[in-house]
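Below: one structure, written as structure tokens.
Protein chains: 2
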Amino acid sequence: MSTMSASDLSSAFGASHDHHQCIDQALSTAKRLCKQHRARLTPVRQRVLELIWQSHKPLGAYQILEQLAREGFNSAPPTVYRALEFLLEQGLAHRITSLNAFVGCCHPERHHQGYFLLCRACGSAQELQLDALGQQLQQIAAAQHFRLEAQIIELSGLCPNCQTAPEASA
Amino acid sequence: MSTMSASDLSSAFGASHDHHQCIDQALSTAKRLCKQHRARLTPVRQRVLELIWQSHKPLGAYQILEQLAREGFNSAPPTVYRALEFLLEQGLAHRITSLNAFVGCCHPERHHQGYFLLCRACGSAQELQLDALGQQLQQIAAAQHFRLEAQIIELSGLCPNCQTAPEASA
DNA sequence: ATTGCTTAGGTTATAACATAACACTGTTTG
DNA sequence: CAAACAGTGTTATGTTATAACCTAAGCAAT
């Protein structure tokens, strides 16, 4: 166990951080990666990426849709789901299965599975960097002769803020 | 890592096992536990439990519903969802979030989180006993001052059978 | 047995999440 | 330019889950 550590530096739960910086950085990284991969970060796709980066709270497809509609984008469900599919493929976003929601990926450079702490009170998600865990799970699967392709690790409970101040809406 | 092992004896993927025995045992354990806990294993609830034990493949709520309908049970969605909720509360079933489906719990005596290997080809689910993993995750959460309440661990890929014979329907 | 409480189930409607299918447009490339 | 393809628009529908309100069944105390 001592081989593992949760080394995410910018905790979503800790002291509040400059979130605009989060978004800006995510966006410029996204642009760079898309250029590299000859993928087109079109207006809708970029806007959806911005929206899921507005906070560290995973956003449902229909919430995104609503916002797009307000902004005059076309907005039928396929629009959003297509954009999300693109972002997932490019590794720019993660899907949070247990919430049917989507969140920006903190480390899109590295291809990886997303591991999350999810606060049930304030709804925020913190992505964890747990490389050793991924390898452990690979080994567990291998021991069963199972070819592991994807991992869903979602840990839910109460974040530090919400243990004392329930339902905070940071 | 050597502290962990996947010790489930009756692999869902290994040599085929006597599945009737699975069901029978699950059912009698369920009856015993419900009696202990003064919970009522009513006909619908029991039947739903039997259905999700029919195979090691997680079953969707509407698949269950369909089967109940065929058998003359009342069957509107709430019927099934209530029964499933009961079974989950009693620890007799697990929900597989990534499949929106439900499966019988192999070890209802012990209160625990379900950890699963899910084959994307044949749809079967194997529950893993990974006590050490649960503790690790607790520690990871604790390091972030996060109060962990629930864990979703779903590992998907190809089971041993389906690596050679895709789409088997055991 | 009668009352009253509590749990379970019936019923209708609808909310929430996701995709199929097909048409149209714009971009790229030979 | 034409062909091929990627992206988007649009309509409709499929799939999963719950709200709300009502009825019935079990059960405990008198």
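Quick note, the sequences are listed as chains A and B, same order.
According to my numbering, the stretch in the first sequence is residues 73 to 242, in order.
According to my numbering, the stretch in the second sequence is residues 73 to 242, in order.
We put the beta carbon where it would ideally sit given N, CA and C, even for glycine.
| task | Evaluate residue 34/A with the Cβ neighbour count: other Cβ atoms within 10 Å of its Cβ, from every protein chain shown; 16 or more gives buried, anything less gives exposed. | result | Limits of chain A in this structure are 73 at one end and 242 at the other, which puts residue 34/A out of reach.
| task | Please confirm if the segment 119 to 137 of chain B is in contact with the segment 170 to 186 of chain B, defined as three or more CB-CB distances below 8 Å between the two stretches. | result | Because the criterion of three Cβ pairs below 8 Å is met, the segment 119 to 137 of chain B and the segment 170 to 186 of chain B touch.
| task | Can you tell me which of 161/A, 140/A and 216/A puts its alpha carbon nearest to the alpha carbon of residue 227/B? | result | On the second sequence, position 155 is the one that residue 227/B refers to. Looking only at 161/A, 140/A and 216/A, the smallest Cα-Cα distance to residue 227/B is reached by 216/A.
| message | List, from N- to C-terminal side, the alpha helix (DSSP H) runs of 4 residues or more that fit wholly inside the segment 149 to 213 of chain A. | response | Qualifying alpha helix (DSSP H) stretches, in chain order: 149 to 161.
| query | By the criterion of Cβ-Cβ separation under 8 Å, what are the contact partners of residue 182/B in chain A? | reply | Position 110 of the second sequence holds residue 182/B. Under the 8 Å cutoff, chain A gives no residues; its nearest Cβ is about 19 Å from residue 182/B.
| Going by DSSP, which residues form a beta bridge with residue 224/B? | Here residue 224/B refers to the residue found at position 152 when the second sequence is read from its first residue. Answer is 226/A.
| Could you give the distance in angstroms between the alpha-carbon of residue 103/A and the alpha-carbon of residue 224/A? | Counting from one through the first sequence, the residue named residue 103/A turns up at place 31. Counting from one through the first sequence, the residue named residue 224/A turns up at place 152. Cα-Cα distance, rounded: 27 Å.
| Inter-residue Cα distance where the pair is residue 219/A and residue 213/A | Along the first sequence, read from residue 1 onward, the residue named residue 219/A stands at position 147. Along the first sequence, read from residue 1 onward, the residue named residue 213/A stands at position 141. As the crow flies, the alpha-carbon of residue 219/A is around 7 Å from that of residue 213/A.
| Of all the CB atoms in chain A, is at least one closer than 8 Å to the CB of residue 149/B? | In the second sequence, residue 149/B corresponds to position 77, counting from 1. No, its Cβ sits nowhere closer than 8 Å to a Cβ of chain A.
| field | Limits of the unbroken alpha helix (DSSP H) element including residue 106/B | value | Residue 106/B sits at position 34 when you count from the first residue of the second sequence. Looking at the DSSP string, the run of the alpha helix (DSSP H) that includes residue 106/B is 91 to 108.
| For residue 134/A, does the count of other Cβ atoms within 10 angstroms reach 16, so buried, or fall short, so exposed? | In the first sequence, residue 134/A corresponds to position 62, counting from 1. By the 10 Å Cβ count, residue 134/A comes out exposed.
| task | Decide if residue 166/A is buried, meaning its Cβ has at least 16 other Cβ atoms within 10 Å, or exposed. | result | For the purposes of this step, residue 166/A is taken as residue 94 along the first sequence, with counting starting at 1. By the neighbour-count rule (16 or more Cβ atoms within 10 Å), residue 166/A is buried.
| said: Let me see if you follow: with CB-CB separation under 8 Å, is residue 222/A close to chain B or not? | reply: Position 150 of the first sequence, counted from the start, is the residue given in the question as residue 222/A. Cβ-Cβ to chain B under 8 Å: yes for residue 222/A.
| request: For the alpha helix (DSSP H) holding residue 112/B, just list the boundary residues, first then last. | output: The residue you call residue 112/B lines up with position 40 of the second sequence. For residue 112/B, there is no enclosing alpha helix (DSSP H), as DSSP gives it neither H nor E.
| field | Alpha carbon of residue 168/A to alpha carbon of residue 196/A, nearest angstrom | value | If you number the first sequence from 1, residue 168/A lands on position 96. If you number the first sequence from 1, residue 196/A lands on position 124. Just so you know, the alpha carbons of residue 168/A and residue 196/A end up roughly 11 Å apart.
| query | Does the Cβ-Cβ distance between residue 162/B and residue 105/B come in under 8 Å? | reply | Position 90 of the second sequence holds residue 162/B. Position 33 of the second sequence holds residue 105/B. Contact flag set, yes.
| said: Between residue 198/A and residue 128/A, how many whole angstroms is the CB-CB distance? I'm expecting something under 8 Å. | reply: As a position in the first sequence, residue 198/A is number 126, starting the count at 1. As a position in the first sequence, residue 128/A is number 56, starting the count at 1. Yes, residue 198/A and residue 128/A are in contact; Cβ-Cβ is about 7 Å, under 8 Å.
| request: Give me the Cα-Cα distance between residue 139/A and residue 157/B, rounded to the nearest whole angstrom. | output: Numbered from 1 along the first sequence, position 67 holds the residue referred to as residue 139/A. Numbered from 1 along the second sequence, position 85 holds the residue referred to as residue 157/B. Distance between the alpha carbons of residue 139/A and residue 157/B: 34 Å.
| query | Is residue 144/A buried or exposed, if buried means 16 or more other CB atoms sit within 10 Å of its CB? | reply | Residue numbering aside, residue 144/A sits at position 72 when the first sequence is read from its first letter. Counting Cβ neighbours within 10 Å, residue 144/A comes out exposed, since fewer than 16 surround it.
| query | If you draw a straight line from the C-alpha of residue 210/A to the C-alpha of residue 202/A, how long is it? | reply | Locating residue 210/A in the first sequence gives position 138, counting from the first residue. Locating residue 202/A in the first sequence gives position 130, counting from the first residue. Within the model, the alpha-carbon separation for residue 210/A versus residue 202/A is close to 13 Å.
| query | Rounded to a whole number of angstroms, what is the C-alpha to C-alpha distance between residue 207/B and residue 116/A? | reply | The count along the second sequence starts at 1 and reaches residue 207/B at position 135. The count along the first sequence starts at 1 and reaches residue 116/A at position 44. Approximately 42 Å, taken between the alpha carbons.
| task | Could you spell out the range, first to last residue, of the alpha helix (DSSP H) harbouring residue 233/A? | result | Counting from 1 along the first sequence, the entry for residue 233/A is found at position 161. Note, residue 233/A: alpha helix (DSSP H), 232 to 236.
| field | Residues of the segment 210 to 235 of chain B whose Cβ lies closer than 8 Å to any Cβ of chain A, in chain order | value | Taking 8 Å as the Cβ-Cβ cut-off against chain A, the residues of the segment 210 to 235 of chain B that qualify are 211, 212, 213, 215, 216, 217, 218, 219, 220, 221, 222, 223, 224, 225, 226, 227, 228, 229, 230, 231, 232 and 235.
| query | Residues bridged to residue 219/B by DSSP? | reply | Residue 219/B sits at position 147 when you count from the first residue of the second sequence. Its beta-bridge partners are 230/A.
| message | Taking 8 Å as the threshold (beta carbon to beta carbon), is residue 170/A in contact with chain B? | response | Counting from 1 along the first sequence, the entry for residue 170/A is found at position 98. At least one chain B Cβ lies under 8 Å of residue 170/A.
| request: Kindly list, in the order they appear in chain B, the residues whose Cβ is closer than 7 Å to that of residue 99/A. | output: For the purposes of this step, residue 99/A is identified with residue 27 of the first sequence, where counting begins at 1. Neighbours of residue 99/A in chain B, taken as residues at a C-beta separation under 7 Å, are lacking, since the least C-beta distance is about 26 Å.
| Nearest to residue 231/B by alpha carbon, out of 108/B, 221/B, 153/B and 192/B? | The count along the second sequence starts at 1 and reaches residue 231/B at position 159. Answer by Cα proximity: 192/B.
| residue 189/A CB to nearest chain B CB: under 8 Å? | Looking up residue 189/A in the first sequence gives position 117. Interface flag for residue 189/A against chain B is set, since a Cβ pair is found closer than 8 Å.
| query | Since residue 126/A is in the alpha helix (DSSP H), which residue starts that stretch and which ends it? | reply | Indexing the first sequence from 1 puts residue 126/A at position 54. Counting along the chain, residue 126/A falls outside any alpha helix (DSSP H), and DSSP gives it neither H nor E.
| task | Return the first residue and the last residue of the alpha helix (DSSP H) that residue 138/B is part of. | result | As a first step, residue 138/B must be located in the second sequence, where it is residue number 66. For residue 138/B, the enclosing alpha helix (DSSP H) begins and ends at 133 to 142.
| With burial defined as no fewer than 16 other Cβ atoms inside 10 Å of the residue's Cβ, what is the status of residue 233/B: buried or exposed? | Translated into the one-based positions of the second sequence, residue 233/B becomes position 161. Burial is judged here by how many other beta carbons sit within 10 angstroms of a residue's own beta carbon; residue 233/B has at least 16 and is buried.
| Can you give the Cα-Cα distance for residue 151/A and residue 90/A, rounded to whole angstroms? | Looking up residue 151/A in the first sequence gives position 79. Looking up residue 90/A in the first sequence gives position 18. Cα-Cα distance, rounded: 30 Å.
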